[in-house]
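Take a look at the structure set out below.
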Amino acid sequence: DGGITQSPKYLFRKEGQNVTLSCEQNLNHDAMYWYRQDPGQGLRLIYYSQIVNDFQKGDIAEGYSVSREKKESFPLTVTSAQKNPTAFYLCASSILRSPYEAFFGQGTRLTVV
Amino acid sequence: GNSVTQMEGPVTLSEEAFLTINCTYTATGYPSLFWYVQYPGEGLQLLLKATKADDKGSNKGFEATYRKETTSFHLEKGSVQVSDSAVYFCALSGTSVGTASKLTFGTGTRLQVTL
């Protein structure tokens, strides 16, 4: 089945540690995205990539880093510089033509203690 | 920039009641419009979409019509079920070359349906 796989589903880390969230897609989509979801705030874009080896900052990129070495993979690293990392993280992908609908993974809930 | 405004929730309805969730948007150009649904602890699933003025998107009994004159895309369902309880997000695509694939989301509206 084609889709987007995020792992792990739950992640616990100690404050000050970097952590990497995995996102893999087999939909052959060119574009991939990372969103952060907090209660009552909807989705906020962290980073996005439209082509391998290239990515752009979204609205809340500070404290995060990404890479896009393969079309299928777009891992997100939450660094110790991110002040409030506890959140639900969603990865998505899309083709680069209208209507640009995005397909989402199941999410990773990160808790920093 | 583009923006989406949704009615605040939670919206609480009895089973078989009529549902409307309001969504209005601000955008330059002609975005595609979407409704996504999120069940607890899961990612977002596309519910329906519309790509041009007067288009009606529909799926699983839900409908929404792209109204350019009122910049709205209200979600409706004639008879809700308990299984429709979820959070619903309105979204629109970008309208500039190179950023059209960047979706802008509303804050979400929680729907609770009771027996």
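So the protein lines, in turn, are chains A and B. Under my numbering, the first residue of the first sequence carries the number 1, and numbering increases by one thereafter. Under my numbering, the first residue of the second sequence carries the number 114, and numbering increases by one thereafter. Beta carbons are placed, not taken as given, at the ideal position from N, Cα and C, and that holds for glycine.
Cα-Cα separation between residue i and residue j, rounded to whole angstroms
{"i": "Leu161 of chain B", "j": "Gly170 of chain B", "result": "5 Å"}
{"i": "Asn135 of chain B", "j": "Lys70 of chain A", "result": "40 Å"}
{"i": "Ala177 of chain B", "j": "Gly219 of chain B", "result": "15 Å"}
{"i": "Ile84 of chain A", "j": "Gln37 of chain A", "result": "Looking at the sequence shown, residue 84 of chain A is not Ile but Asn. Those two C-alpha atoms are separated by around 12 Å."}
{"i": "Leu228 of chain B", "j": "Leu188 of chain B", "result": "21 Å"}
{"i": "Arg44 of chain A", "j": "Trp34 of chain A", "result": "9 Å"}
{"i": "Gln119 of chain B", "j": "Asp168 of chain B", "result": "20 Å"}
{"i": "Asn18 of chain A", "j": "Glu155 of chain B", "result": "24 Å"}
{"i": "Tyr143 of chain B", "j": "Thr208 of chain B", "result": "6 Å"}
Same chain, Cβ closer than 7 Å to residue i, five either side skipped, listed in chain order
{"i": "Gly2 of chain A", "result": "Asn26, Leu27"}
{"i": "Thr164 of chain B", "result": "Ser145"}
{"i": "Ser67 of chain A", "result": "Pro75"}
Neighbouring residues, chain B, relative to residue i (Cβ below 7 Å)
{"i": "Phe12 of chain A", "result": "Simply none; closest approach about 16 Å."}
{"i": "Gly40 of chain A", "result": "Thr220"}
{"i": "Gln106 of chain A", "result": "Glu155, Gly156"}
{"i": "Gln17 of chain A", "result": "Those do not exist, as Gln17 of chain A stays about 24 Å from chain B at its closest Cβ, beyond 7 Å."}
Residues near residue i by beta carbon distance below 8 Å, same chain, minus five either side
{"i": "Asn172 of chain B", "result": "Leu160, Leu161"}
{"i": "Ala31 of chain A", "result": "Tyr48, Ser49, Gln50, Ser93, Ser94, Ile95, Leu96"}
{"i": "Thr79 of chain A", "result": "Asn18, Gly63, Tyr64, Ser65"}
{"i": "Ser185 of chain B", "result": "Asn135, Cys136, Thr137, Tyr138"}
Endpoints, the beta strand (DSSP E) within which residue i is located
{"i": "Ile4 of chain A", "result": "4-7"}
{"i": "Leu110 of chain A", "result": "108-112"}
{"i": "Lys162 of chain B", "result": "157-163"}
{"i": "Tyr143 of chain B", "result": "Premise fails: Tyr143 of chain B is in no beta strand (DSSP E) and is neither H nor E."}
{"i": "Asp54 of chain A", "result": "54-57"}
Sub-8 Å separation of residue i and residue j beta-carbons
{"i": "Lys181 of chain B", "j": "Tyr48 of chain A", "result": "no"}
{"i": "Lys190 of chain B", "j": "Phe175 of chain B", "result": "yes"}
{"i": "Ile4 of chain A", "j": "Ala81 of chain A", "result": "no"}
{"i": "Phe74 of chain A", "j": "Cys23 of chain A", "result": "yes"}
{"i": "Leu90 of chain A", "j": "Leu157 of chain B", "result": "yes"}
{"i": "Val210 of chain B", "j": "Leu132 of chain B", "result": "no"}
{"i": "Ser116 of chain B", "j": "Tyr138 of chain B", "result": "yes"}
{"i": "Thr20 of chain A", "j": "Leu110 of chain A", "result": "no"}
{"i": "Val195 of chain B", "j": "Glu128 of chain B", "result": "yes"}
Chain-ordered chain A contacts of residue i [CB-CB under 8 Å]
{"i": "Thr164 of chain B", "result": "Ser98, Pro99"}
{"i": "Ala130 of chain B", "result": "Those within 8 Å of Ala130 of chain B in chain A number zero; the least Cβ separation is about 24 Å."}
Own chain, CB closer than 6 Å to residue i, minus 5 neighbours either side, in chain order
{"i": "Ile95 of chain A", "result": "His29"}
{"i": "Gly221 of chain B", "result": "Val200, Phe202"}
{"i": "Gly122 of chain B", "result": "Thr222, Arg223"}
{"i": "Ile60 of chain A", "result": "Arg44, Ile46"}
{"i": "Phe88 of chain A", "result": "Gln37, Gly107, Arg109"}
{"i": "Ala166 of chain B", "result": "Tyr179, Lys181"}
Contacts that residue i makes with chain A (C-beta to C-beta distance below 7 Å)
{"i": "Ala140 of chain B", "result": "None at all; the shortest Cβ gap to chain A is about 13 Å."}
{"i": "Phe147 of chain B", "result": "Glu101"}
{"i": "Lys169 of chain B", "result": "Per Cβ cutoff of 7 Å: no residues; Lys169 of chain B is ~14 Å from chain A at best."}
Contacts of residue i in chain B (Cβ-Cβ under 8 Å)
{"i": "Ala61 of chain A", "result": "Neighbours of Ala61 of chain A on chain B: none; closest Cβ ~13 Å, over 8 Å."}
{"i": "Leu90 of chain A", "result": "Gly156, Leu157"}
{"i": "Ser80 of chain A", "result": "Result: empty, since nearest Cβ-Cβ is about 26 Å, beyond 8 Å."}
Beta-carbon neighbours of residue i, restricted to chain A and to distances below 9 Å
{"i": "Phe202 of chain B", "result": "Gly42, Leu43"}
{"i": "Ala199 of chain B", "result": "In chain order: nothing, as chain A lies at least about 14 Å away."}
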